[in-house]
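Novice: Protein chains in written order, with full-length UniProt numbering: chain A, 1 to 306; chain B, 1 to 306; chain C, 1 to 306; chain D, 1 to 306.
There are 4 protein chains.
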Amino acid sequence: MIYGLTGNPTKAALWPLLDRVIRVLDKRGLPYRLAPDLATGRAERDQAVSDGCVAPSVSDVGRQANVVFSFGGDGTLLRTAHAVSPSDTPLVGINIGRLGFLADVEHNQVTKAIDMLEAGDYRISPRMVLEVQADERKLGRNWALNECVINRSGAAGLLRIAVTVNDEPLNTYWSDGLIFSTPTGSTAYSLSAGGPILMPETGVLIITPIAAHTLSVRPMVLPATATIRAEVRSPGRPYVFAVDGVSTEFKEPAISFTVRRAAHSVNLVKLDGSHVFNTLRRKLMWGARASANAPDEDAEDGPHVS
Amino acid sequence: MIYGLTGNPTKAALWPLLDRVIRVLDKRGLPYRLAPDLATGRAERDQAVSDGCVAPSVSDVGRQANVVFSFGGDGTLLRTAHAVSPSDTPLVGINIGRLGFLADVEHNQVTKAIDMLEAGDYRISPRMVLEVQADERKLGRNWALNECVINRSGAAGLLRIAVTVNDEPLNTYWSDGLIFSTPTGSTAYSLSAGGPILMPETGVLIITPIAAHTLSVRPMVLPATATIRAEVRSPGRPYVFAVDGVSTEFKEPAISFTVRRAAHSVNLVKLDGSHVFNTLRRKLMWGARASANAPDEDAEDGPHVS
Amino acid sequence: MIYGLTGNPTKAALWPLLDRVIRVLDKRGLPYRLAPDLATGRAERDQAVSDGCVAPSVSDVGRQANVVFSFGGDGTLLRTAHAVSPSDTPLVGINIGRLGFLADVEHNQVTKAIDMLEAGDYRISPRMVLEVQADERKLGRNWALNECVINRSGAAGLLRIAVTVNDEPLNTYWSDGLIFSTPTGSTAYSLSAGGPILMPETGVLIITPIAAHTLSVRPMVLPATATIRAEVRSPGRPYVFAVDGVSTEFKEPAISFTVRRAAHSVNLVKLDGSHVFNTLRRKLMWGARASANAPDEDAEDGPHVS
Amino acid sequence: MIYGLTGNPTKAALWPLLDRVIRVLDKRGLPYRLAPDLATGRAERDQAVSDGCVAPSVSDVGRQANVVFSFGGDGTLLRTAHAVSPSDTPLVGINIGRLGFLADVEHNQVTKAIDMLEAGDYRISPRMVLEVQADERKLGRNWALNECVINRSGAAGLLRIAVTVNDEPLNTYWSDGLIFSTPTGSTAYSLSAGGPILMPETGVLIITPIAAHTLSVRPMVLPATATIRAEVRSPGRPYVFAVDGVSTEFKEPAISFTVRRAAHSVNLVKLDGSHVFNTLRRKLMWGARASANAPDEDAEDGPHVS
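#1: Just the chain D side, please: which residues come within less than 8 Å of residue 215 (chain A) by C-beta, in chain order?
#2: Start and end of the beta strand (DSSP E) containing residue 133 (chain A)?
#3: What did DSSP end up calling residue 187 (chain A) once you bin it into helix, strand or coil?
#4: How close, in whole Å, do the beta carbons of residue 124 (chain D) and residue 267 (chain D) come, if the pair is a contact with beta carbons under 8 Å?
#5: Keeping to the same chain, check which residues put their C-beta closer than 7 Å to that of residue 141 (chain B); ignore five residues upstream and five downstream.
#6: Does the CB of residue 212 (chain D) have a neighbour CB from chain E at under 8 Å?
#7: How about residue 215 (chain A) and residue 182 (chain A): are their beta carbons less than 8 Å apart?
#8: To the nearest angstrom, report how far apart residue 20 (chain D) and residue 285 (chain A) are at their CA atoms.
#9: Could you give the DSSP three-state label for residue 216 (chain C): helix, strand or coil?
#10: What separation, rounded to the nearest whole angstrom, lies between the Cα atoms of residue 185 (chain B) and residue 33 (chain A)?
#11: Short check: CB of residue 177 (chain D) to CB of residue 146 (chain D), under 8 Å?
#12: State whether the segment 221–234 of chain C contacts the segment 154–165 of chain C, with contact taken as three or more CB pairs (one from each stretch) at a distance under 8 Å.
#13: Would you mind telling me which residues of chain A sit closer than 9 Å to residue 199 (chain D), beta carbon to beta carbon, in chain order?
#14: What is the DSSP secondary structure of residue 30 (chain C), reduced to helix, strand or coil?
#15: Across which residues does DSSP place residue 144 (chain C) in a beta bridge pair?
#16: Just list the residues that DSSP pairs residue 15 (chain C) with in beta bridges.
#17: Just how far apart, CA to CA, sit residue 104 (chain A) and residue 72 (chain A)?
#18: If the cut is a Cβ gap below 7 Å, which residues of chain D does residue 171 (chain C) touch?
#19: For a test of the three-state rule: what should DSSP assign to residue 196 (chain B), helix, strand or coil?
#20: For residue 302 (chain D), I'd like the list of residues in its chain whose CB is within less than 8 Å of its CB, leaving aside the five on either flank, ordered along the chain.
#21: Are residue 70 (chain C) and residue 80 (chain C) touching if we call contact CB-CB under 8 Å?
#22: Answer yes or no: do residue 278 (chain A) and residue 217 (chain A) have a C-beta to C-beta separation smaller than 8 Å?
#23: Under 9 Å, CB to CB, which of the residues in the segment 129–161 of chain D have a partner in chain B?
#24: Determine, using beta carbons only, whether residue 77 (chain A) and residue 62 (chain A) come nearer to each other than 8 Å.
#25: Determine whether the Cβ of residue 277 (chain A) lies closer than 8 Å to any Cβ atom of chain B.
#26: Report yes or no: is there a C-beta of chain D within less than 8 Å of the C-beta of residue 259 (chain C)?
#27: Helix, strand or coil: how does DSSP classify residue 59 (chain D) here?
#28: For residue 274 (chain D), list the residues DSSP reports as bridge partners.
#29: Which residue wins for smallest C-alpha separation from residue 48 (chain D), given the options D:65, D:23, D:55?
#30: Quick check on the burial criterion: 16 or more other C-beta atoms within 10 angstroms. Buried or exposed for residue 300 (chain D)?
#31: Considering only residues of the same chain and omitting the five flanking positions on each side of residue 148 (chain D), which have a CB-CB separation below 7 Å?
#32: Under the three-state reduction of DSSP, which class applies to residue 7 (chain C): helix, strand or coil?
#33: Around the C-beta of residue 157 (chain B), are 16 or more other C-beta atoms found within 10 angstroms, so that it is buried, or is it exposed?
#34: Nearest chain D C-beta to residue 240 (chain B) closer than 8 Å, yes or no?
#35: Tell me, please, whether the CB atom of residue 191 (chain D) is closer than 8 Å to any CB atom in chain C?
#36: Taking the runs of the beta strand (DSSP E) that are 3 residues or longer, which of them lie wholly in the segment 44–103 of chain A?
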């Protein structure tokens, strides 16, 4: 297996970790391809950079490798996913710092992860991706692994956003914005705005309003076959359209944004024994209530006292 | 087409409406089968009850008719759906009073509905149903069109509910209860407890906690292939398990409830031109913000003033 | 009683209503002072503008009148409140279009309102106001009747906002923004972001986060004696600080915003018989569930079916 | 200072801790009064029980001591508060297990707490208490430090609860129940049901609905001068009225519950240097996002990826 090595060079913790991984790969005789910014960073730190191991771009890393390691957080993995596209090489997010939803392999588990990859103890989790268009306008990114968002910008004021699904009028939202999310993105911005958690295999999309003016408006879960069209109808109010965090600013209303399932997916590697439920429980600290002191005894203590 | 006629006999508005519908059917020579409680009610009101038009039970109404009208609210339609089961005859909810999500044909549209049914201007919307078990215990109902719920009962106090999905531990909830809902039920109890709205065709389930103690716990959307097991682990706390509103009380913990997609569906009739989005907008009053006085002008008025 | 007449000249419905009110006042010999933009608008529409009835500015309207009518929505009343300041002349919001929380006198009740004012059938509701500072920076407005808001702007990305209360660290929020609201403002933006409704007489402030990243963060209600300091700590992320809807853009972090109760209040007129609860019920459509068809019967129908 | 010693005898961790505290008090010659159940428990464990140190009841502990230690969780402190009433002796919650909001002194800080009490390094935080009545019916408790709750019981089904404030109709709620909470209780059940956090000094009450059917209904913050009356209007539906966790079951509707600020308060001891904000941040894990790996760097990583 050829290993692609990419990551966030602005994180100090990256360099010693990367160095450790390269030593492990070298020792085992496992080939790898290094992203150019990581090669440069290593050279600047007087760390060895072998000939033939540096790819000309992250995109080439994706093409030449059988699996791509992304060292960083969830944001780093999002960027890696876009950079290796259109290759569908599976990605592994190696987390530096806090646990991530996408970067769900702890930095001290990398050696074990290499063992498992070589032993075939993993599966590929293909993640649905949203394809987006803004009439004929150019967007910074044209597909999203997490979400795309219409958001107000600059001066305060509600946006009025008309949405259709399969050409059927859904609602005209009055809100700070709207999030169109994949299941993968359901634990990102959509969750902060009150959306539910969607399992990766659900094959659905979600529209989550941000601070909706109408109190009875709720997140809507749609089949993945839906074609969503959204149009801002608030003359004189600037707004942004952000795709996986890359924003484009718009000053005029009435641009029609189309969001629908893309033909391609992003492939994530899930090591055997890991499970999305475990990541959820740890990341959202669901278990934090439990203590050594027998929660059952504690429950006796009285009702509903946090 | 043979019409089944069922409904909620405790609603005064039922009788004149039913009488009107029977006159229309008689006039057009369309056959019908009347539920026995409605036949009795008509007799008591000195309204004609023709021989051969009364079925021995609601279940027989389902077997003998090609379409079943349910006069009442959403609760009435739920009861009708259970009563006609296991027949899969399609159901039409004729709403008396406020608009319903299931009973989405207005009472003054019945004649038009009959026209459309005769003309074939409708489609069948098959609705996913949940099959439920409680170890070997007997439950009042064993499948749900809307939802099944574990809920605390009597004395105050949190329930501790351990949940697995496909035998994988999901979470141990501390809450007033848990709702396991179909897409159809997403606009009922689950919505009140903070759940999202799921389109009927999404093919997913949702677990929505009620007043969860852990603040980071959120509604979870799962694929319809999931087998959910839930177990109350709070010794000494009574609780109920309710299936489409029919409750069974339990005093002991550690009963294992299994929830999964049932093999059968409930068929609802959707008349052409109706759309679930329209029902949502009307029922949840999403459009109520708009007024004759140009919302756009109003928006100019200042930001975010309700 | 001298009547001040102000309003939103961009609303077409203003002119016939204003004309009607002026006729009523003229007929009864009640003096009034017209805001200059309304005088101009009347002249353009060939409506009579009497000598001596036009004030040079809205501020002068406030100084010369005993009560000021604000024709428009809630946003119009906010603008009027700022324009008449520092005079503490009581304000009446005459609603054009949808009912408002501040503009809670219906346009067809104006004549009755004049009767009640002349008869003394009203009370003054003094509303707490927030005084705001941004280090030495100039803000578009320096006090708020509803709220002041830190909000992200332009490119997507979370803000990190450190907040102290009376110099005690409260929390460092990761969110789209923070709303600092009065009780009066609790039914505006704060409500959309998930905040509670505060009665006008509660004498408290509220901090409501917008789409907070940390799921356990909740709206915080503080005593009105609190001095809040907030500082954005996200280098490179532009943001706005909006006071009653007037935004100032900031590109640099670490500006310290101070929010505390102002020495002055804004006086609203409440006509006898009106009550904030009535306005809430009507505006938020709490009663909309009830129907002619006996909700009690309906409740029998089954549980929790919306 | 005479120390009262009370606690939850069902917690195994109580006994060694209590023994340690008694040794410290004995060593310093500080007098104490032991609750009878703790004295019995010590005797059973062959731990010394000095003559003259055992009070006949917890109530006597309150009368005879200058400060009362409550060993346990928040529920234990609630029970202690009720048991020592009507004495207003200040209480210290010594937490066994997880940190509490009321029991906010860690078990390993007890010696330090005694030092601070002797040195006068503390302040008294008087907590507002709600007085409750149920027509002429007898309730298990007639005042609440945290909250009182109307909650449905047994069979599923919405309650319809009519509420007035100072005899003014507020709303008729359709919900699972209603919570009437003090500021102290705002971090307990009310928080789970979506209520805001109220600082202890705010002098307000809050009404928080549980799973309200009408989606635009929100928690309401009222001045402490409010007299609330609530009446269940759902014939045939049993419900409970729980006061600080002690429930009374009702089978008939139309009982009028009155909730208002009580004349007395519960006094909590706050040691210098402790602050409610610190407890909140630790208990709700607001800071858990931060990591050693520079959140600022991490924020660069991309937007809104949890």
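For every residue, glycine included, the Cβ atom is placed at its ideal position computed from N, Cα and C.
Specialist: According to the data block:
#1: Residue numbering aside, residue 215 (chain A) sits at position 215 when the first sequence is read from its first letter. Residues of chain D passing the Cβ test: 215, 216, 218.
#2: In the first sequence, the residue the question calls residue 133 (chain A) occupies position 133. First-last of the beta strand (DSSP E) with residue 133 (chain A): 122–134.
#3: In the first sequence, the residue the question calls residue 187 (chain A) occupies position 187. Looking at residue 187 (chain A) - three-state DSSP - the assignment turns out to be helix.
#4: Start at 1 with the first residue of the fourth sequence, and residue 124 (chain D) comes out as number 124. Start at 1 with the first residue of the fourth sequence, and residue 267 (chain D) comes out as number 267. Contact flag correct, Cβ pair sits at about 5 Å.
#5: Working through the second sequence from its first residue, we reach residue 141 (chain B) at position 141. 82, 243, 244, 246.
#6: You won't find chain E in this structure, because its protein chains are A, B, C and D.
#7: Start at 1 with the first residue of the first sequence, and residue 215 (chain A) comes out as number 215. Start at 1 with the first residue of the first sequence, and residue 182 (chain A) comes out as number 182. Cβ distance not < 8 Å, so residue 215 (chain A) and residue 182 (chain A) don't count as in contact.
#8: Taking the first residue of the fourth sequence as 1, we reach residue 20 (chain D) at position 20. Taking the first residue of the first sequence as 1, we reach residue 285 (chain A) at position 285. Looking at the two C-alpha atoms, the distance is approximately 33 Å.
#9: As a first step, residue 216 (chain C) is located in the third sequence; it is residue number 216 there, counting from the start. In the structure shown, residue 216 (chain C) sits in coil (DSSP, three-state: anything other than H, G, I, E or B).
#10: One-based indexing of the second sequence puts residue 185 (chain B) at position 185. One-based indexing of the first sequence puts residue 33 (chain A) at position 33. Those two C-alpha atoms are separated by around 51 Å.
#11: Along the fourth sequence, one-based indexing puts residue 177 (chain D) at 177. Along the fourth sequence, one-based indexing puts residue 146 (chain D) at 146. Taking 8 Å as the Cβ cut-off, residue 177 (chain D) and residue 146 (chain D) do not qualify as a contacting pair.
#12: yes
#13: Within the fourth sequence, numbered from 1, the residue matching residue 199 (chain D) stands at position 199. Under the 9 Å cutoff, chain A gives no residues; its nearest Cβ is about 16 Å from residue 199 (chain D).
#14: Residue 30 (chain C) sits at position 30 when you count from the first residue of the third sequence. In this structure, residue 30 (chain C) counts as coil in the three-state DSSP scheme.
#15: Counting from one through the third sequence, the residue named residue 144 (chain C) turns up at place 144. DSSP, once it has assigned bridges, lists C:130 as partnering residue 144 (chain C).
#16: Taking the first residue of the third sequence as 1, we reach residue 15 (chain C) at position 15. For residue 15 (chain C), which the question treats as bridged, DSSP gives no partner whatsoever.
#17: For the purposes of this step, residue 104 (chain A) is taken as the residue at position 104 of the first sequence. For the purposes of this step, residue 72 (chain A) is taken as the residue at position 72 of the first sequence. Taking the straight line from one Cα to the other gives about 10 Å.
#18: The sequence position of residue 171 (chain C) within the third sequence is 171, counting from 1. Per Cβ cutoff of 7 Å: 281, 286.
#19: As a first step, residue 196 (chain B) is located in the second sequence; it is residue number 196 there, counting from the start. Three-state result, residue 196 (chain B): coil.
#20: Mapped onto the fourth sequence, residue 302 (chain D) falls at position 302. With a pLDDT of 40 at residue 302 (chain D), under the threshold of 50, the predicted position of this residue should be treated as unreliable, though the coordinate-derived value follows. Within the same chain, residue 302 (chain D) has no close Cβ partners at all.
#21: Mapped onto the third sequence, residue 70 (chain C) falls at position 70. Mapped onto the third sequence, residue 80 (chain C) falls at position 80. Result yes, Cβ atoms of residue 70 (chain C) and residue 80 (chain C) sit closer than 8 Å.
#22: To locate residue 278 (chain A), count along the first sequence from 1; it is residue 278. To locate residue 217 (chain A), count along the first sequence from 1; it is residue 217. No.
#23: 149, 151, 152, 153, 154, 155, 156, 157, 158
#24: Taking the first residue of the first sequence as position 1, residue 77 (chain A) is located at position 77. Taking the first residue of the first sequence as position 1, residue 62 (chain A) is located at position 62. Not a contact, by the Cβ cut-off of 8 Å.
#25: Reading the first sequence from its first residue, position 277 is the one you call residue 277 (chain A). Yes, residue 277 (chain A) counts as interfacial toward chain B.
#26: As a working note, residue 259 (chain C) is residue 259 in the third sequence. Answer no: the Cβ-Cβ gap between residue 259 (chain C) and chain D never drops below 8 Å.
#27: For the purposes of this step, residue 59 (chain D) is identified with residue 59 of the fourth sequence, where counting begins at 1. Three-state result, residue 59 (chain D): helix.
#28: Against the fourth sequence, residue 274 (chain D) aligns to sequence position 274. DSSP lists no partner for residue 274 (chain D).
#29: Within the fourth sequence, numbered from 1, the residue matching residue 48 (chain D) stands at position 48. Here the closest residue by C-alpha is D:23.
#30: As a first step, residue 300 (chain D) must be located in the fourth sequence, where it is residue number 300. Caution applies to residue 300 (chain D), whose pLDDT of 39 falls short of 50 and renders its modelled position unreliable; the value that the coordinates give is listed next. Burial call: buried.
#31: Taking the first residue of the fourth sequence as position 1, residue 148 (chain D) is located at position 148. Only 130, 132, 180, 241, 242, 243, 259 meet the Cβ criterion.
#32: Stepping through the third sequence from its first residue, residue 7 (chain C) is reached at position 7. It is a strand residue.
#33: For the purposes of this step, residue 157 (chain B) is taken as residue 157 along the second sequence, with counting starting at 1. Result: buried.
#34: The residue you call residue 240 (chain B) lines up with position 240 of the second sequence. Yes, contact with chain D.
#35: Here residue 191 (chain D) refers to the residue found at position 191 of the fourth sequence. Closer than 8 Å: yes.
#36: 67–72, 91–95
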